[in-house]
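**Student:** Dropping the structure in here first, questions after.
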Amino acid sequence: MPSTQIILTENVPGLGAEADVVKVRRGYARNFLLPTGKAHEVTKRTLRTLDALKAKRAEREARELNEAEELSRRIGKLKVTFMLQTGETGKAFGSITANDIAERLKQELGREIDRHLLVLEHPIKTTGEQEVPIKLHHDVTAKFKFNVKSPEEPKAETAAAPEEAHTEKSRGPRKRAK
Numbered sequence: 685m686p687s688t689q690i691i692l693t694e695n696v697p698g699l700g701a702e703a704d705v706v707k708v709r710r711g712y713a714r715n716f717l718l719p720t721g722k723a724h725e726v727t728k729r730t731l732r733t734l735d736a737l738k739a740k741r742a743e744r745e746a747r748e749l750n751e752a753e754e755l756s757r758r759i760g761k762l763k764v765t766f767m768l769q770t771g772e773t774g775k776a777f778g779s780i781t782a783n784d785i786a787e788r789l790k791q792e793l794g795r796e797i798d799r800h801l802l803v804l805e806h807p808i809k810t811t812g813e814q815e816v817p818i819k820l821h822h823d824v825t826a827k828f829k830f831n832v833k834s835p836e837e838p839k840a841e842t843a844a845a846p847e848e849a850h851t852e853k854s855r856g857p858r859k860r861a862k
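Structure representation (structure tokens):
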């Protein structure tokens, strides 16, 4: 198959980032990359503009890194509590998923965070303090710490109640009055 070299003007997933010189099939370049403005053909004139594209890419990457670091600091300062329904034995009814965490972060920060950035191997089904890493940038990973509580914490009164119920049962059956 015939191929051609092109210079990318923006990020193309699976192909490269802006200012990269890549080799692709001619049909892909002619039918998609060139008409949409995602790439330019390699010529003497476009090679001169390559330095400007590289500077633009470096500026964008520096800006993204700074934004990721700032967001990481904001996430590290958050104090969030999730409520998780549990039974008498402490077994959870349901779980906290990556989608739940992403929605809560959106509420707290006012900025959407993709749930795929959360490194959550399995849904959270236990109470207590939890920590979830969030991959914000290839160089920046934030640690999101939060607390998971049950809305009904066991109380001393509920522990005494079963003993009283037990004493009533030990009296035996009652006779009916006729």
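Using this note's numbering, read the sequence shown as starting at 685 and increasing by one per residue. For glycine and all other residues, C-beta sits at the position ideal for the given N, C-alpha and C.
1. Suppose you measure from the CA of K809 to the CA of T765; what does that come to, to the nearest Å?
2. Thinking C-alpha only, which one of T781, R757, K827 and A786 is nearest H806?
3. Starting from I759, follow the alpha helix (DSSP H) in both directions and report where the run begins and ends.
4. In angstroms with no decimal places, state the Cα-to-Cα distance between T733 and P697.
5. Return the Cβ separation of I818 and L801 in integer angstroms, given the expectation that the two are a contact with Cβ distance under 8 Å.
6. DSSP three-state label for N831, please.
7. For N783 and T727, I'd like the C-alpha separation in whole angstroms.
8. Does the region 734 to 743 come within contact of the region 708 to 723, defined as at least 3 CB pairs closer than 8 Å?
9. Counting along the chain, where does the beta strand (DSSP E) carrying R709 start and finish?
10. Can you list, in chain order, the residues of its chain whose CB lies under 7 Å from that of G711, leaving out five sequence neighbours each side?
11. Distance, Cα to Cα, T693 vs A703?
12. What does M685 pair with, by DSSP beta-bridge criteria?
13. Quick check: what's the CA-CA separation for F878 versus A701?
14. Closer than 7 Å by C-beta to R799: which residues in its own chain qualify, once you throw out the five before and the five after it? Chain order, please.
**Tutor:** Based on what the coordinates show:
1. Reading the sequence shown from its first residue, position 125 is the one you call residue 809. Reading the sequence shown from its first residue, position 81 is the one you call residue 765. Near 14 Å, if we compare the C-alpha coordinates of T765 and K809.
2. Here residue 806 refers to the residue found at position 122 when the sequence shown is read from its first residue. Among T781, R757, K827 and A786, the Cα nearest to that of H806 is on T781.
3. Here residue 759 corresponds to residue number 75 of the sequence shown, with the count starting at 1. Counting along the chain, the alpha helix (DSSP H) containing I759 begins and ends at L734 to K761.
4. Your numbering for residue 733 matches position 49 in the sequence shown. Your numbering for residue 697 matches position 13 in the sequence shown. Approximately 22 Å between the Cα atoms of the pair.
5. Locating residue 818 in the sequence shown gives position 134, where the first residue counts as 1. Locating residue 801 in the sequence shown gives position 117, where the first residue counts as 1. 5 Å between Cβ atoms; contact.
6. The count along the sequence shown starts at 1 and reaches residue 831 at position 147. Strand at N831.
7. As a working note, residue 783 is residue 99 in the sequence shown. As a working note, residue 727 is residue 43 in the sequence shown. Roughly 47 Å separates the two Cα atoms.
8. no
9. Translated into positions along the sequence shown, residue 709 becomes position 25. V705 to R709 is the extent of the beta strand (DSSP E) around R709.
10. Position 27 of the sequence shown, counted from the start, is the residue given in the question as residue 711. Answer for G711: no residue qualifies.
11. For the purposes of this step, residue 693 is identified with residue 9 of the sequence shown, where counting begins at 1. For the purposes of this step, residue 703 is identified with residue 19 of the sequence shown, where counting begins at 1. One C-alpha to the other measures close to 6 Å.
12. As a working mapping, residue 685 is identified with position 1 in the sequence shown. DSSP, once it has assigned bridges, lists no residue as partnering M685.
13. Here the chain has residues from 685 to 862 only, and residue 878 is not among them.
14. As a position in the sequence shown, residue 799 is number 115, starting the count at 1. If we look at R799 and ignore the five residues flanking it on each side, its Cβ neighbours are A782, N783 and A786.
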